[in-house]
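K.L.:
In the numbering used here, each residue carries its 1-based index in the sequence shown increased by 188.
Cβ atoms here follow ideal geometry from the backbone N, Cα and C, with glycine treated the same way.
This one's a predicted model, so the numbers in the text were calculated from it and none came from an experiment.
Please see the structure below; I have some questions.
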Amino acid sequence: MRSAVAKPQPIQTKHYTRTTKKRFFLLRRFSSGAVSSPPILRDPLLNLEESKMRHMMRSSCHSRMISGRLRQWLSLLVCVLAVILLKSEGASVGITYLQDAVAKGAVCLDGSPPAYHFDKGSGAGVDNWIVHMEGGGWCEDVPTCLSRKNTDLGSSKQMVKQFGFSGLLSGQQKSNPDFYNWNRIKVRYCDGSSFTGDAVDRANNLFFKGNSIWEFIIADLLAKGMRNAKNAILSGCSAGGLASILHCDRFRALLPASTKVKCISDAGFFLHAQDVSGGKHIEEFYGKVARLHGSVKNLPASCTSRMGARPELCFFPQYVVQTMQTPIFFVNSAYDSWQIKNILAPSAADKSKAWKSCKLDLKKCTAAQLKTIQDFRTQFLSALNRAGVVNSPSKGMFIDSCYAHCQVGKQIQWSSDSSPVVSNMKIAKAVGDWYYERSPIKKLDCPYPCNPTCPKVDSDS
189 MRSAVAKPQP IQTKHYTRTT KKRFFLLRRF SSGAVSSPPI LRDPLLNLEE
239 SKMRHMMRSS CHSRMISGRL RQWLSLLVCV LAVILLKSEG ASVGITYLQD
289 AVAKGAVCLD GSPPAYHFDK GSGAGVDNWI VHMEGGGWCE DVPTCLSRKN
339 TDLGSSKQMV KQFGFSGLLS GQQKSNPDFY NWNRIKVRYC DGSSFTGDAV
389 DRANNLFFKG NSIWEFIIAD LLAKGMRNAK NAILSGCSAG GLASILHCDR
439 FRALLPASTK VKCISDAGFF LHAQDVSGGK HIEEFYGKVA RLHGSVKNLP
489 ASCTSRMGAR PELCFFPQYV VQTMQTPIFF VNSAYDSWQI KNILAPSAAD
539 KSKAWKSCKL DLKKCTAAQL KTIQDFRTQF LSALNRAGVV NSPSKGMFID
589 SCYAHCQVGK QIQWSSDSSP VVSNMKIAKA VGDWYYERSP IKKLDCPYPC
639 NPTCPKVDSD S
């Protein structure tokens, strides 16, 4: 299959307005997603891409000097930090467009070809593969899908050409000792259905072809050497983390029986729960996504066959994981910031905005709100238990108490000095020990606000 690899070129950026304080805060972290949009349409955590941030730092280095020693020192500091970050994380990875996918109908919402970023393995990792699926929420109706159509979440024409890999995808041995030399692929997300859709809206020129994208990309990677893999991981963050659950057993079936295959879901265990008004906002939302995209036929049959007249409920991992055959690891916060903002207390269920301050900072929650949040944690842990995660020898988990969403793609949370620690272990060590079966990993943090190691990061900026 023919694919086009973009030649290295200056990193493309969009226009962003940030305060000086925010710019210096961003220098301290790398993000694996894109700029956030309003709730539900896409994940709030999906922040400025590392490549865009690096471009900002380079621009600062060359900006016009203003008189005064303070500005000179600040410019020098920005340049030094830029060099340190660039050296620590390595070069950005170019984009690959799958042009042949268009003829097969495997296209983004706007009809453009799907794409991924591929950093080839080396040495002992040349036959090992990680396929990581990007997150970015979902679109549940024509207006929300049209609003995504001309963004990087609906069109490969809008995607950055270079993407910095960090965390689980890092190519640095020090920060990612177990997977740094594997073939590492980041699959871009442009369908709005967690790679499950199979429909076309000709009237609005919208293509809901997420499942076809997934199948075409996996076939392309198999042809490029993944069919000979000794080890393989399907992973993802948020909507991509949900996709890693929904497609896990299919991924296993497409690889040789001799390949060691496992899956990792980062912030993808979305809870089927009522909101603060007693409504079923997230259930109704996922139902709309499934109907619009024609997703039901591509959800795991082991789940849909048990759900009777409600097969769309198989968008919720707690019903899918029960019958999964492939080993899977869950990295999740028991206080997932996206879920608290959009499942527990969505704007539609909080007309008076009583939860507005609480959702932005848990320290600003009232006693009653904190009790509701603690009850939500209890529901989350109960769902994990009923799904068999806690007691299954093939399943692992790292459930911390940080107010966060998506953690494996950011170095600050993956394996840095500032990473969260649960039972004396960081996420990178937990995932590596579980994959290589050095020890069973069932890490469960104490209730909020007990963990002082949670990074002081504005994860939803």
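Could you compute how far the alpha carbon of GLY293 sits from the alpha carbon of ILE470?
P.N.:
So the two alpha carbons sit approximately 30 Å from each other.
K.L.:
With H, G and I counted as helix, E and B as strand and the rest as coil, what does DSSP make of GLY424?
P.N.:
In the structure shown, GLY424 sits in a strand (DSSP, three-state: E or B).
K.L.:
Along the beta strand (DSSP E) that carries TYR304, what are the first and last residues, could you check?
P.N.:
Unbroken beta strand (DSSP E) run through TYR304: 303-307.
K.L.:
Please give the ranges of any alpha helix (DSSP H) in the region 434-462, keeping only runs that are unbroken, at least 4 residues long and fully inside the region.
P.N.:
Whole alpha helix (DSSP H) segments, 4+ residues: 436-442.
K.L.:
Measuring CB atoms only, is the region 475-490 touching the region 587-604, in the sense that at least three cross pairs come out at less than 8 Å?
P.N.:
Too few Cβ pairs lie closer than 8 Å, so no.
K.L.:
Quick one: residues in its chain with C-beta nearer than 8 Å to the C-beta of MET495, no 5 flanking neighbours on either side, listed in chain order?
P.N.:
Excluding sequence neighbours, MET495 sits near LEU501, CYS502 and TYR507.
K.L.:
Is it buried or exposed, ASP379, if we count other Cβ atoms within 10 angstroms and call 16 or more buried?
P.N.:
Per the 10 Å Cβ criterion, buried.
K.L.:
Quick one, are the C-beta atoms of ARG372 and LEU394 less than 8 Å apart?
P.N.:
It is not a contact, given that the beta carbons lie outside the stated cut-off.
K.L.:
So, at 7 Å on beta carbons, what are the nonlocal neighbours of PHE568 in its own chain, with the 5 sequence-adjacent residues on each side left out?
P.N.:
Around PHE568: LEU459 and ALA522.
K.L.:
Do you know offhand how far GLY576's Cα is from ASN392's?
P.N.:
Cα-Cα distance, rounded: 42 Å.
K.L.:
Sort LEU434, LEU442, GLY299 and SER423 by Cα distance to ASP408 and report the nearest one.
P.N.:
The candidate whose alpha carbon is nearest that of ASP408 is LEU442.
K.L.:
According to DSSP, what are the bridge partners of LYS374?
P.N.:
According to DSSP, which records beta bridges pairwise, LYS374 is partnered with HIS305 and HIS320.
K.L.:
For ASP563, does the three-state DSSP call read helix, strand or coil?
P.N.:
In the structure shown, ASP563 sits in a helix (DSSP, three-state: H, G or I).
K.L.:
Do the region 400-415 and the region 450-459 meet, that is, are 3 or more Cβ pairs less than 8 Å apart?
P.N.:
Contact fails: fewer than three Cβ-Cβ distances are below 8 Å.
K.L.:
Tell me the residue span of the beta strand (DSSP E) that contains ASN520.
P.N.:
It spans 516-521 - the beta strand (DSSP E) in which ASN520 sits, taken as one unbroken run.
K.L.:
Which term fits GLU472, buried or exposed, when burial requires 16 or more other beta carbons within 10 angstroms of its beta carbon?
P.N.:
Exposed: under 16 other Cβ atoms inside 10 Å.
K.L.:
Given a cut-off of 8 Å on the beta-carbon distance, is the pair LEU434 and THR384 in contact?
P.N.:
Yes. Within cutoff.
K.L.:
With ILE405 as the anchor, note down where its beta strand (DSSP E) starts and where it stops.
P.N.:
Careful: ILE405 lies outside any beta strand (DSSP E), inside the alpha helix (DSSP H) at 398-411.
K.L.:
Using the Cα positions of ILE561 and THR641, report the straight-line distance between them to the nearest angstrom.
P.N.:
One C-alpha to the other measures close to 20 Å.
K.L.:
What does a CB cutoff of less than 7 Å around PRO226 pick up in its chain, not counting 5 residues either side in sequence?
P.N.:
Model confidence at PRO226 stands at a pLDDT of 37, short of 50, so the residue's coordinates are unreliable; what they give is reported in the following sentence. So the list is empty, once near-sequence residues are dropped.
K.L.:
For the structure I just gave you, are there three or more beta carbon pairs, one from the region 278-288 and one from the region 302-316, closer than 8 Å?
P.N.:
Enough Cβ pairs lie closer than 8 Å, so yes.
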